[in-house]
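Those protein sequence lines, which keep their order, are chains A and B. Quick note: to get our numbering, add 109 to the position in the first sequence (first position is 1). Quick note: to get our numbering, add 757 to the position in the second sequence (first position is 1). The beta carbon of each residue, even a glycine, is placed where N, CA and C say it ideally should be. Below is one structure, written out as structure tokens; the observations come after it.
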Amino acid sequence: MCLGVPGKVIEVFEEHGLRMGTVDFGGIRRKACLEYAPEVGLDSYVVIHVGFAISVVDEEEAARQYALLAEMGNLEGIDLPQDPEGVRDEVRR
Amino acid sequence: MRFVDEYRDERIARGLLDEIARTVTRPWTIMEVCGGQTHTLIRQGIDQLLPPEIELVHGPGCPVCVTPLALIDEAIEIARRPGSILCSFGDMLRVPGSEEDLFISRAAGADVRVVYSPLDAVEVARRNPDRTVVFFAVGFETTAPANATAVKQAHDLGIENFALLVAHVLVPPAMTAILVSPGNRVQGFLAPGHVCTVMGWTEYEPIARDFRVPIVVTGFEPLDLLEGIRMVVGQLEEGRAEVENQYVRSVRREGNLEAQAVVAEVFEVCDRAWRGIGVIPNSGLRLREPYREHDAELIFPHEGGLASESEECIAGMVLRGRAKPDQCVAYGELCTPEHPLGAPMVSSEGACAAYFLAGRARAGVPR
């Protein structure tokens, strides 16, 4: 029920008095309400829950955390995977 | 997918597991509150990869599991009325009521519709002005802004035939109820990352301080969960009891203030009964004025008989972290996701369904 999926905002518009947008989840696009992510713009990543953006992904914090995690895995030269395949897992869940 | 795939890296997972094993010196019991986290932990077998000193117990964070039987019966009663449409998230349909579930009601002709967002239910109401459209508003704090916005939109647009059947619950009072319950074993918590995305973590600070329990706000991917566990174990071993944030890419201490504002405008805190647990003071939300004209419980006073639970089902014990799903005599035989006796076997967040879908056998029984 509290499932939230990160997606990229590719369009912003207004509908019935609410700020809405189109969000891309690695190829799958859905409409979402952006009322609670007022600072969000095009190409930002948001976490979507039941059709509502509940946060804007902090990309700097994410990069910093990932670097720390990668260090723990004793990895060198990590490339962030851009593979959209993961979306299938999300849809199954 | 960005912000998903990189948190599933197996080599980093091994590094985190090694770090946890290096840190731990004695047994600790940690509860993950959120059922979505339970599903990832069990599906990935993370509970079995951890050092034997660490026991994970599964919490009550499954909204459809804790929605009272009487409210399920009421939803069924509303759905069966001529002239009404019941909209719901898909998870609710197979949750057993006293005599049937919403899926059976729909097969028998009731108008039950699955929606993706509560705004879709408002749209159903707009298109069916001669019917009363009721949205079954189940959920924790994460879902409250969406449900509040749906009511507010209907109210503002003059859509009078839209109502909510509210079953909203709150996490911090449930954590406190677990900590004060006799025989509690929980020594640290993974707090639910999306609840805290909305609410922040200030409400958890007095719990950590007063009960001396570490609380780590944690995300939902395997690496998030392993890092959350590592942080809780680190605090326990060092004798600290603080709120820490693992889910830094989504959660800020004050939470989402705009979302909190709409919840405060539309809802007020009330006592609420949790299925399998009982009434917890100040643990729920209900509509406040002027939105109470959209309250389905006021529009359709409940006529149902006495709600009755299955005798074999130990859902209440499972939801309080007092028993594991595989310890139930009905698990996997009398009770399966196709024919559930209790709500935790239904949902994509229920602990019993998590065990069953991962192919876990009943304790002591090969499967």
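Query                                                                                                                       : Result
Listed by chain order, chain B residues near Phe134 (chain A) by CB distance under 8 Å                                      : Met758
Contact between the segment 804-812 of chain B and the segment 828-842 of chain B (3+ Cβ pairs under 8 Å)                   : no
8 Å Cβ cutoff, Leu151 (chain A) in contact with chain B                                                                     : no
Proximal chain B residues relative to Val156 (chain A), where beta-carbon distance stays under 8 Å                          : His951, Thr954 and Ser1007
DSSP-derived helix/strand/coil call for Ile1034 (chain B)                                                                   : coil
Glu763 (chain B) - DSSP class collapsed to helix/strand/coil                                                                : helix
Cα-Cα separation, Val1005 (chain B) to Phe946 (chain B)                                                                     : 17 Å
CB contact check: Val118 (chain A) to chain B, cutoff 8 Å                                                                   : no
Per-residue burial, Ser1065 (chain B) [other beta carbons within 10 Å of its own, 16 or more giving buried]                 : exposed
Local Cβ density within 10 Å of Leu826 (chain B), reported as buried at 16 or more and exposed below that                   : buried
Boundaries of the alpha helix (DSSP H) in which Gly991 (chain B) is found, first to last residue                            : Pro979 to Glu995
Straight-line Cα distance separating Gly150 (chain A) from Glu120 (chain A)                                                 : 9 Å
Cα-Cα separation, Arg783 (chain B) to Lys1081 (chain B)                                                                     : 22 Å
Test item: CB-CB of Ala907 (chain B) and Leu876 (chain B) under 8 Å                                                         : yes
Assumed close pair Arg1045 (chain B), Glu1025 (chain B) - CB separation to whole angstroms, cut-off 8 Å                     : 4 Å
Residue from B:Ala1072, B:Leu993, B:Trp1031 and B:Leu1076 with nearest C-alpha to Val781 (chain B)                          : B:Leu993
Distance, Glu1054 (chain B) Cα to Ala881 (chain B) Cα                                                                       : The identity of residue 881 (chain B) in the sequence shown is Val, whereas the question assumes Ala. Whole-angstrom Cα-Cα distance: 20 Å.
Partners in chain A for Thr959 (chain B), counting only beta-carbon separations shorter than 7 Å                            : Within 7 Å Cβ-Cβ: nothing; Thr959 (chain B) doesn't reach chain A, min ~16 Å.
Buried or exposed (CB count within 10 angstroms, at least 16 for buried), Ala864 (chain B)                                  : exposed
Chain-ordered residues of the segment 156-178 of chain A with a beta carbon less than 7 Å from chain B                      : Val156, His158, Val159, Gly160, Phe161, Ile163, Ser164, Val166, Asp167, Glu170, Ala171, Gln174, Tyr175 and Leu178
Cβ separation of Ser938 (chain B) and Arg1077 (chain B), assumed to be a contact under 8 Å, to the nearest whole Å          : 7 Å
Exposure label - Val823 (chain B); buried when at least 16 CB within 10 Å                                                   : buried
Residue environment, Asn918 (chain B), which counts as buried when at least 16 other CB atoms sit within 10 Å               : buried
Burial state of Phe897 (chain B), where buried means 16 or more other Cβ atoms lie within 10 Å                              : buried
Which of helix, strand or coil DSSP assigns to Cys1027 (chain B)                                                            : strand
CB contact below 8 Å: Val1023 (chain B) versus chain A                                                                      : no
Cβ shell of Ala832 (chain B) (< 7 Å), same chain only, five flanking positions each side left out                           : Leu843, Leu859, Phe893 and Leu922
Assigned secondary structure, Thr782 (chain B) (DSSP; H/G/I helix, E/B strand, else coil)                                   : coil
Alpha-carbon to alpha-carbon, Gly818 (chain B) and Asp967 (chain B)                                                         : 22 Å
Residues bridged to Asn1002 (chain B) [DSSP beta-bridge criterion]                                                          : B:Val974
Partner residues on chain A for Ile811 (chain B), Cβ-Cβ distance less than 9 Å                                              : The contacting residues do not exist; Ile811 (chain B) stays about 18 Å from chain A at best.
From B:Val1103, B:Ala1115 and B:Ala1110, residue whose alpha carbon lies closest to that of Val852 (chain B)                : B:Val1103
Spatial neighbours of Gly186 (chain A) in its chain, beta-carbon cut-off 6 Å, leaving aside the 5 residues before and after : Model confidence at Gly186 (chain A) stands at a pLDDT of 44, short of 50, so the residue's coordinates are unreliable; what they give is reported in the following sentence. Taken in chain order, the list of residues that qualify is empty.
For Val1103 (chain B), three-class secondary structure by DSSP                                                              : coil
Proximity of Gly854 (chain B) and Leu927 (chain B) at Cβ, strictly below 8 Å                                                : no
Trp785 (chain B) versus Arg800 (chain B) - alpha carbon distance                                                            : 22 Å
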